[in-house]
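Structure, as structure tokens:
2 protein chains.
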Amino acid sequence: MKRANREDVARLAGVSTAVVSYVINNGPRPVAEATRSRVIAAMDELRYRPNASARALKLARTNVIGLLMWDITNPYFSEMAKYMQERAHERGYGLMIGNTGQDGIEETAELHNMLGREVDGIALSGVRRPETLTAIARSGVNVISMDWHLAAPDIPSVGIDDYGATREAVEHLLWHGHTEVGLIAGIDDLTLREKSWSDTMSARCTPERLKELTAYGDFTRQGGYQAAIDLLKRPNPPKAIFVSSDVQAFGVVRAVQHLGLNIPNDVAIISLDGTDASAFTYPSLTVIRLPLDEIAKHVVDKLTSHGADERMHTTFPHTLIPRESCGCVSPEHAGREDVRAFSHSQS
Amino acid sequence: MKRANREDVARLAGVSTAVVSYVINNGPRPVAEATRSRVIAAMDELRYRPNASARALKLARTNVIGLLMWDITNPYFSEMAKYMQERAHERGYGLMIGNTGQDGIEETAELHNMLGREVDGIALSGVRRPETLTAIARSGVNVISMDWHLAAPDIPSVGIDDYGATREAVEHLLWHGHTEVGLIAGIDDLTLREKSWSDTMSARCTPERLKELTAYGDFTRQGGYQAAIDLLKRPNPPKAIFVSSDVQAFGVVRAVQHLGLNIPNDVAIISLDGTDASAFTYPSLTVIRLPLDEIAKHVVDKLTSHGADERMHTTFPHTLIPRESCGCVSPEHAGREDVRAFSHSQS
DNA sequence: TTGTAAGCGTTATCAT
DNA sequence: ATGATAACGCTTACAA
């Protein structure tokens, strides 16, 4: 049975195709109530569904947006994707995903893939290759970056105060009495977090020591695991570690335990992201939580509202959530951990 | 600067629009080498990109497929999504995602969302509402189910041998010397796994005891956590548990530890899924691993090849991966766990 | 080997 | 309040 189109509906309802359009779109012209209901009845009877491709062709708009990221398997991204999908749905949009891989090797390919599908906008997270940026610029597509407000001030962006959040995290560990805080960072990104750590620590360490306190891994559990093993097997390892992302921290927790060390007594850990999953390691992770839901909403809104929001960059607030891995909450307090924001001034 | 269309390219290259099409699509008619290069040059110069909407309208095909699932945040789904996206990309397709929520409340809405976007096919995972099935049937869209081969034999499906896998998992725990194995299951799904557990255990338990050994939670870390707390706080709790999904098992591990119990000595755990994340709990999870990558490929291929593959149902093999949570591998063997398939006959 | 032109299902402008 | 119709950019049968 052939699918009905607008003309079939019009014929059955005894109206013109234009009227069918007016009914479907509630405009741009008014339709008499009687006519409207005849049209609706006809649509029902024929199981009519408007053809999105035709509509997209006519309107030069697909009502689909894309999310380009490293790896949907990373809880940070999957939570972001979930919130974005929900918001997109609310606003009548669909969400396409593209994984660029840890090394960003698929970055350009995925970008072109999305551009070729005529998405109305693209959110970029963890995207960095210069080729990608120039490709974006010349494509003229609607874009928002979730990373580099700094590198490309002409491109709209969102983010958090990476520098401040990192300092806060490091200082929280110092507040616990640690004199040195190690760093586990991504291979070649999030340099602002690395810089903030280094600035905060350089008051207490020599530059050589800073190097000894740093290990790199990619943004996977495995990457965090290996970086932690590397770091902790060195001669004089730190007893507290700032991990630049939750996924990595999952690997770090596992590594510390594998080495037979105790968290937080032998090694205290804090990480930055605050995904839902971070509450379910054991011990649970003390984190700086990013408001992923808020960020996702903002990103989708920005991409789907034709430039109504003028701001080029929006910064979202972060929150320290003290849990077990730093020593704030003891593992004995099963299920009683306090998930409210932590404030140093109160202590 | 207006975007170039096929006519602009044709004009610049001094050919007809048809020839431009022939060049782009490598057919259906041959093009002289010289002409082809002129066309290509013109496309470059104008930064021409074919309009996917127009193409979709003409061909009645969007080259986009959809994945409808509960929650992309569940590692099982996010890993599946990743593999599917990769395969789709290889085959020139895009992947749209839709989250239906734990209760499936958004199921119909998301389905219509995808249908309205004219996706060429939809993969359903964790979808079960009867309304959804009838909506699918009448829409005539290309579909593949990743759950219910049984309930709707007229719809193509993939899966694993849930019954056999569960039996294997339970028997593995029994082989470890346990006499009773508890069950943590999803609220109203995966009944085949529940049935298999019940069949396997009923030789050793009374029906009343079977009830005492069962707890339900939704497919989240939190759901597993609460179900485990519930189960383990009962008078005579099991010392071994079969968990019907990895996500739930993450919560179970956390719950057991919170109760101050040791894994695997006080409580042994095995779960079914075998996501990458399952190797990073502490202790690591012994799992029945599903070949997500293979399944994803198959699903995408089936959805993107116009009915070339005749099979209505394909079953994929599963593999028992012995790790720490059952006692096969001791936590001391840091990084030395054997990830090959486990065979009881060898022991 | 290349050109012409019809048609895919919409939307929206111009009539009526 | 409604109808007729020209576009939107592409593919492809048919002509040359």
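So the sequences go chain by chain: A and B. According to the numbering used here, the stretch in the first sequence is residues 889 to 1235, in order. According to the numbering used here, the stretch in the second sequence is residues 889 to 1235, in order. For glycine and all other residues, C-beta sits at the position ideal for the given N, C-alpha and C. These numbers come from a predicted model, not from an experiment.
Own chain partners of residue i with C-beta closer than 6 Å, once the 5 adjacent residues on each side are dropped
i, result
"residue 893 of chain B", "none"
"residue 901 of chain A", "926, 927 and 930"
"residue 1113 of chain B", "1139, 1142 and 1143"
"residue 1219 of chain A", "1171 and 1212"
"residue 1082 of chain A", "1073"
Contact belief for residue i with residue j at Cβ below 8 Å, rounded distance in angstroms
i, j, result
"residue 1132 of chain B", "residue 1073 of chain B", "5 Å"
"residue 1134 of chain A", "residue 1166 of chain A", "5 Å"
"residue 1156 of chain A", "residue 1115 of chain A", "Going by Cβ atoms, the distance from residue 1156 of chain A to residue 1115 of chain A rounds to 16 Å, so no, they are not a contact pair."
"residue 1171 of chain B", "residue 1151 of chain B", "5 Å"
"residue 963 of chain A", "residue 1163 of chain A", "4 Å"
"residue 961 of chain B", "residue 966 of chain A", "5 Å"
"residue 970 of chain A", "residue 959 of chain B", "7 Å"
"residue 899 of chain A", "residue 911 of chain A", "Not really, about 15 Å apart at Cβ, beyond 8 Å."
Contacts around residue i, its chain only, beta-carbon distance under 7 Å, and the 5 residues preceding and following it disregarded
i, result
"residue 1228 of chain A", "Confidence is the limiting factor: at residue 1228 of chain A the pLDDT is only 36, short of 50, which leaves the residue's position unreliable and the question unanswerable from this model."
"residue 1055 of chain B", "1084 and 1088"
"residue 1037 of chain B", "1045, 1047 and 1201"
"residue 1043 of chain B", "1031 and 1033"
"residue 897 of chain B", "908, 927, 930, 931, 934 and 936"
"residue 1086 of chain B", "1098"
Other residues of its chain near residue i: CB distance less than 8 Å, five sequence neighbours each side excluded
i, result
"residue 1040 of chain A", "1021 and 1033"
"residue 944 of chain A", "950, 951 and 1006"
"residue 1204 of chain A", "1046, 1047, 1048, 1178, 1179, 1182, 1183 and 1186"
"residue 895 of chain B", "905"
"residue 1093 of chain A", "1068 and 1101"
"residue 996 of chain A", "1017, 1019, 1020 and 1023"
"residue 1090 of chain A", "1098"
"residue 1236 of chain A", "Nothing can be reported for residue 1236 of chain A, as the shown portion of chain A is limited to 889 through 1235."
"residue 903 of chain A", "923, 926 and 927"
"residue 998 of chain B", "956, 986, 987 and 988"
Cβ pair residue i, residue j closer than 9 Å
i, j, result
"residue 1160 of chain A", "residue 1011 of chain A", "no"
"residue 1189 of chain A", "residue 917 of chain A", "no"
"residue 990 of chain A", "residue 1107 of chain A", "yes"
"residue 1026 of chain A", "residue 992 of chain A", "no"
"residue 984 of chain A", "residue 954 of chain A", "yes"
"residue 1192 of chain A", "residue 891 of chain A", "no"
"residue 1075 of chain A", "residue 1028 of chain A", "no"
"residue 956 of chain A", "residue 988 of chain A", "yes"
"residue 1153 of chain A", "residue 1215 of chain A", "yes"
"residue 1173 of chain A", "residue 1147 of chain A", "no"
"residue 1002 of chain B", "residue 986 of chain B", "yes"
"residue 994 of chain B", "residue 977 of chain A", "yes"
For residue j and residue i, the rounded distance between their alpha carbons
i, j, result
"residue 1175 of chain A", "residue 935 of chain A", "51 Å"
"residue 1095 of chain B", "residue 1067 of chain A", "59 Å"
"residue 1030 of chain A", "residue 1194 of chain A", "9 Å"
"residue 842 of chain A", "residue 1024 of chain A", "Outside the shown range of chain A, which is 889 to 1235, sits residue 842 of chain A, and nothing can be said about it."
"residue 1169 of chain B", "residue 1109 of chain A", "10 Å"
"residue 919 of chain A", "residue 932 of chain A", "18 Å"
"residue 1145 of chain B", "residue 1213 of chain B", "12 Å"
"residue 1103 of chain B", "residue 1124 of chain B", "14 Å"
"residue 1065 of chain B", "residue 982 of chain B", "49 Å"
"residue 913 of chain B", "residue 940 of chain A", "23 Å"
"residue 1199 of chain A", "residue 973 of chain A", "23 Å"
"residue 1000 of chain B", "residue 1197 of chain A", "30 Å"
"residue 942 of chain B", "residue 942 of chain A", "7 Å"
"residue 1111 of chain A", "residue 1136 of chain A", "6 Å"
"residue 1015 of chain A", "residue 1035 of chain A", "8 Å"
"residue 1080 of chain A", "residue 1126 of chain A", "21 Å"
Please give the ranges of any beta strand (DSSP E) in the region 997 to 1068 of chain A, keeping only runs that are unbroken, at least 3 residues long and fully inside the region. Those beta strand (DSSP E) runs which fall completely within the region 997 to 1068 of chain A and span 3+ residues are 1009 to 1012, 1031 to 1033 and 1045 to 1048.
Which whole runs of the alpha helix (DSSP H) in the region 929 to 1002 of chain A are 4 residues long or more, in chain order? Runs of the alpha helix (DSSP H) inside the region 929 to 1002 of chain A: 940 to 947 and 963 to 978.
My parser needs the beta strand (DSSP E) runs of 3 or more residues fully inside the region 1089 to 1115 of chain B; what are they? For the region 1089 to 1115 of chain B, the continuous beta strand (DSSP E) assignments of 3+ residues that do not extend past its boundaries occur at 1102 to 1104, in sequence order.
Runs of beta strand (DSSP E) lying entirely within the region 1163 to 1212 of chain B, each at least 3 residues, in chain order: The region 1163 to 1212 of chain B contains these whole beta strand (DSSP E) runs: 1174 to 1177, 1201 to 1204 and 1207 to 1209.
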